Amino acid sequence: MNGPHDLGGQMGFGAVAPEADEPIFHADWEKRALGVTLAAGGMGHWTIDESRHARECLHPADYYASSYYEIWTKALERLLVRHGFVTEDELADGRARAAGAAPKRVLRAADVPAALARGGPCDRPVADRPRFAVGARVRTRTIHPKGHTRLPRYARGKVGVVEAARGGFVFPDANAHGTGEAPQHLYTIVFSARELWGEAADPTLSVSIDAWEDYLEPADER
Amino acid sequence: MAHDHPHDNDLDPMTARVRALETVLAEKGLIDPAAVDAIVETYEHKVGPKNGARVVAKAWADPAFADWLRSDATAAIASLGFTGRQGEHMQAVFNSADTHNLVVCTLCSCYPWSVLGLPPVWYKSPPYRSRAVIDPRGVLEEFGLRLPGETAIRVWDSTAELRYLVVPQRPSGTQGWAEEALAGLVTRDSMIGTGLALAPEAAS
Chain A
1 MNGPHDLGGQ
11 MGFGAVAPEA
21 DEPIFHADWE
31 KRALGVTLAA
41 GGMGHWTIDE
51 SRHARECLHP
61 ADYYASSYYE
71 IWTKALERLL
81 VRHGFVTEDE
91 LADGRARAAG
101 AAPKRVLRAA
111 DVPAALARGG
121 PCDRPVADRP
131 RFAVGARVRT
141 RTIHPKGHTR
151 LPRYARGKVG
161 VVEAARGGFV
171 FPDANAHGTG
181 EAPQHLYTIV
191 FSARELWGEA
201 ADPTLSVSID
211 AWEDYLEPAD
221 ER
Chain B
1 MAHDHPHDND
11 LDPMTARVRA
21 LETVLAEKGL
31 IDPAAVDAIV
41 ETYEHKVGPK
51 NGARVVAKAW
61 ADPAFADWLR
71 SDATAAIASL
81 GFTGRQGEHM
91 QAVFNSADTH
101 NLVVCTLCSC
111 YPWSVLGLPP
121 VWYKSPPYRS
131 RAVIDPRGVL
141 EEFGLRLPGE
151 TAIRVWDSTA
161 ELRYLVVPQR
171 PSGTQGWAEE
181 ALAGLVTRDS
191 MIGTGLALAP
201 EAAS
């Protein structure tokens with residue numbers, strides 16, 4: 001979706017503000033927000049792709065007014081309601097009422113080190129051979145899906161070069177919507193800044209994205 | 001216990017909101033508050049940029065490891081004990097005299113947790129995410145880094161599950177240094193690309 005999260009090339013947000021000796025957390029609630037988000041994800045009822053989509057579905061005014069842990073918290077609330085674990089009323093006053101959906105599993109403290117050390121690998125076998133060879137010129141498709149996608153707007157309809165073929169990976173555009181992992185070949189595609197941003201762009205700059213096969217077509221196809 | 005008073009109205013809104021959320025989930029048995037503690041403990045005290053600094057220092061000191069890091073970063077990094085969440089599929093990108101690498105996630109906040117820990121606020125915020133891909137030189141200047149005009153800049157937008165670690169150039173004047181001393185020159189920002197490794201004078 002063309003949501004508030006798709007920030008590449010946007011203007012008006014001002015200077016980057018690096019903070020010297022930045023603490024890992026800026027408030028205790030941020031710690032809990034991180035831990036609760038990961039622990040609730042550990043129930044196994046939604047994917048990382050569905051989580052990301054829940055964050056980017058926040059209203060743009062809300063998204064831009066929220067810190068990142070606020071965005072995570074608001075998205076987690078939506079996921080929990082969507083999947084039947086809690087109600088809006090329960091979140092409003094912090095009291096559990098009805099039982100709600102039963103979790104597939106609950107992440108216990110003793111299992112946290114192993115779960116974090118394992119992570120969630122997203123590489124998957126794909127039977128078909130890669131459609132594009134390293135070195136090939138490709139054009140990213142001009143698409144504006146209403147659902148989740150990882151093809152940023154600034155890199156749509158642009159010609160780039162396949163720098164690496166990364167193997168098969170879960171396809172977020174499908175997986176975010178519960179329609180299965182539908183793995184596809186993934187490639188690193190590099191663009192000149194002039195292709196992305198026009199003739200006035202820095203000639204020494206190049207930018208790459210990692211793009212699934214469905215995002216790409218041969219550069220000479222149209 | 002910490003969750004006795006979800007109704008407290010003297011709390012700031014996010015403290016109250018997250019407390020209500022955690023309380024409901026714990027009451028329903030959906031999360032284990034001790035697991036939340038363990039997660040926080042991991043990222044507050046165990047996983048952080050010291051991991052990445054060890055990787056970079058070893059790559060500087062050991063050419064065979066550097067080659068391995070180049071060809072299979074996930075395995076090379078795992079050999080030092082750094083694996084897991086948001087580091088499942090690692091790529092190492094090496095700065096050179098000609099090219100400076102910079103990592104961003106324009107779409108969210110993808111970051112190599114297993115080697116750098118949790119991302120700083122600026123990495124997740126709109127100014128960096130919007131400008132890193134269109135005006136990286138301007139961004140770098142805001143970090144106090146002015147690169148020569150002829151140095152090429154390569155920006156890696158982390159749009160998939162690959163996580164990028166920048167291997168900065170080894171500072172001159174560090175010949176013969178042990179890995180541990182070299183690691184002390186490797187800053188978090190140098191592994192994102194918003195900085196360089198420290199000069200030897202800075203380490204003392």
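Line by line, the protein sequences are chains A and B. Just so we're aligned, residue 1 is where the first sequence starts under full-length UniProt numbering, counting upward by one. Just so we're aligned, residue 1 is where the second sequence starts under full-length UniProt numbering, counting upward by one. Backbone N, C-alpha and C define an ideal beta-carbon position, used for all residues, glycine too. Since this is a predicted model, take the numbers as computed values, not measurements.
Next item on the list: State the Cα-Cα distance for the pair A:C57 and A:G3, rounded to the nearest angstrom.
Entry: As a working note, residue 57 of chain A is residue 57 in the first sequence. As a working note, residue 3 of chain A is residue 3 in the first sequence. Whole-angstrom Cα-Cα distance: 7 angstroms.
Next item on the list: Name the one or two DSSP bridge partners that A:G189 has.
Entry: The residue you call residue 189 of chain A lines up with position 189 of the first sequence. The question names Gly, but residue 189 of chain A in the sequence shown is Ile. A:I189 pairs with A:V162, A:I209.
Item checked: Euclidean distance between Cα positions of A:H59 and A:A65 -> Here residue 59 of chain A refers to the residue found at position 59 when the first sequence is read from its first residue. Here residue 65 of chain A refers to the residue found at position 65 when the first sequence is read from its first residue. Computed Cα separation, rounded: 10 angstroms.
Notebook entry, point to check: Per DSSP, B:H100 is paired with what?
Noted result: Here residue 100 of chain B corresponds to residue number 100 of the second sequence, with the count starting at 1. For B:H100, which the question treats as bridged, DSSP gives the partners B:I153.
Next item on the list: Can you tell me the Cβ-Cβ gap for A:A110 and A:L76, rounded? I've got them flagged as a contact below 8 angstroms.
Entry: Position 110 of the first sequence, counted from the start, is the residue given in the question as residue 110 of chain A. Position 76 of the first sequence, counted from the start, is the residue given in the question as residue 76 of chain A. About 23 angstroms; that fails the 8 angstroms criterion.
Next item on the list: From the DSSP output, in three-state form, read off A:E217 for me.
Entry: Taking the first residue of the first sequence as 1, we reach residue 217 of chain A at position 217. DSSP places A:E217 in strand when its eight states are reduced to three.
Next item on the list: Establish whether the CB of B:M14 and some CB of chain A are separated by less than 7 angstroms.
Entry: Taking the first residue of the second sequence as 1, we reach residue 14 of chain B at position 14. Yes, because at least one Cβ of chain A sits closer than 7 angstroms to the Cβ of B:M14.
Next item on the list: Given a cut-off of 7 angstroms, decide if A:G157 and A:T142 are closer than it, judged by their beta-carbon atoms.
Entry: What you label residue 142 of chain A is simply residue 142 of the first sequence in a count that begins at 1. What you label residue 157 of chain A is simply residue 157 of the first sequence in a count that begins at 1. Against a cut-off of 7 angstroms, the Cβ pair of A:G157 and A:T142 comes out as a contact.
Check: Whose C-beta lies closer than 8 angstroms to the C-beta of B:F143 among residues of the same chain, with five residues either side of it excluded?
Finding: Indexing the second sequence from 1 puts residue 143 of chain B at position 143. Within the same chain, B:F143 has close Cβ partners D189, T194, G195.
Next item on the list: Using three-state DSSP, classify A:R150 as helix, strand or coil.
Entry: The count along the first sequence starts at 1 and reaches residue 150 of chain A at position 150. DSSP places A:R150 in coil when its eight states are reduced to three.
Notebook entry, point to check: Where does B:R70 sit, in a helix, a strand or coil, going by DSSP?
Noted result: For the purposes of this step, residue 70 of chain B is identified with residue 70 of the second sequence, where counting begins at 1. B:R70 falls in the helix class under three-state DSSP.
Next item on the list: Check the Cβ of A:L186 against every Cβ in chain B and list those closer than 9 angstroms, keeping chain order.
Entry: Taking the first sequence and counting its residues from 1, one reaches residue 186 of chain A at position 186. Residues of chain B passing the Cβ test: A160, E161, L162.
Check: By Cβ distance below 8 angstroms, which residues in the same chain neighbour B:A197 in space, the five residues on each side in sequence not counted?
Finding: Reading the second sequence from its first residue, position 197 is the one you call residue 197 of chain B. Result list for B:A197: V56, P168, Q169, R170, P171, L185, V186, T187, S190, in chain order.
Check: How about B:R146 and B:T99: are their beta carbons less than 7 angstroms apart?
Finding: Translated into the one-based positions of the second sequence, residue 146 of chain B becomes position 146. Translated into the one-based positions of the second sequence, residue 99 of chain B becomes position 99. Against a cut-off of 7 angstroms, the Cβ pair of B:T99 and B:R146 comes out as no contact.
Next item on the list: Please determine, among A:P121, A:I189, A:A17, the residue with the shortest C-alpha to C-alpha distance to B:R85.
Entry: Residue 85 of chain B sits at position 85 when you count from the first residue of the second sequence. With distances taken between Cα atoms, B:R85 lies closest to A:P121.
Notebook entry, point to check: When burial is assigned at 16 or more other CB atoms within 10 Å of the CB, is B:A19 buried or exposed?
Noted result: In the second sequence, the residue the question calls residue 19 of chain B occupies position 19. Here residue 19 of chain B turns out to be Arg, not Ala, going by the sequence shown. In this structure B:R19 is buried. Its beta-carbon is surrounded by 16 or more other beta-carbon atoms within 10 angstroms.
Note to self: Run through chain B and tell me which residues come within less than 8 angstroms of A:F85, C-beta to C-beta.
What the structure shows: The residue labelled residue 85 of chain A in the question sits at position 85 within the first sequence. The answer, in chain order, is L25, K28, L30.
Next item on the list: Give a yes or no on whether the minimum CB-CB distance between B:V115 and chain A is below 7 angstroms.
Entry: Counted from its first residue, the second sequence places residue 115 of chain B at position 115. Interface annotation, B:V115: not in contact with chain A, CB-CB separation never under 7 angstroms.
Check: Roughly how many whole angstroms lie between the Cα atoms of B:E44 and A:W46?
Finding: Position 44 of the second sequence, counted from the start, is the residue given in the question as residue 44 of chain B. Position 46 of the first sequence, counted from the start, is the residue given in the question as residue 46 of chain A. Between B:E44 and A:W46, the C-alpha separation is close to 26 angstroms.
Notebook entry, point to check: Between which two residues does the alpha helix (DSSP H) carrying residue 205 of chain B extend?
Noted result: Outside the shown range of chain B (1 to 204) lies residue 205 of chain B, about which nothing can therefore be said.
Check: For B:M14, does the three-state DSSP call read helix, strand or coil?
Finding: As a first step, residue 14 of chain B must be located in the second sequence, where it is residue number 14. Helix.
Check: For B:T106, which residues from the same chain have a beta carbon less than 8 angstroms from its beta carbon, with the 5 sequence-adjacent residues on both sides left out?
Finding: Within the second sequence, numbered from 1, the residue matching residue 106 of chain B stands at position 106. Only R129, S130, A132, V133, D157, T159 meet the Cβ criterion.
Checklist line | Among B:A152, B:G138, B:L116, the one whose alpha carbon lies nearest that of B:G87 | finding: Counted from its first residue, the second sequence places residue 87 of chain B at position 87. B:G87 has its Cα closest to that of B:L116, out of B:A152, B:G138, B:L116.
Check: Quick one: is A:D214 near chain B, going by C-beta distance under 7 angstroms?
Finding: Numbered from its first residue, the first sequence carries residue 214 of chain A at position 214. Under the Cβ criterion of 7 angstroms, A:D214 is not counted among the residues facing chain B.
Next item on the list: Give every residue of the same chain whose Cβ lies closer than 8 angstroms to the Cβ of A:A174, excluding the five residues on either side of it in the sequence, and list them in chain order.
Entry: Counting from 1 along the first sequence, the entry for residue 174 of chain A is found at position 174. The answer, listed in chain order, is G180, E181, A182.
Next item on the list: Give the interface partners of A:L91 over in chain B, defined as CB-CB distance under 9 angstroms, in chain order.
Entry: As a first step, residue 91 of chain A is located in the first sequence; it is residue number 91 there, counting from the start. Per Cβ cutoff of 9 angstroms: R17, A20, L21, V24.
Item checked: Span separating the alpha-carbon of A:D220 from that of B:L25 -> The residue you call residue 220 of chain A lines up with position 220 of the first sequence. The residue you call residue 25 of chain B lines up with position 25 of the second sequence. Taking the straight line joining both Cα atoms gives about 53 angstroms.
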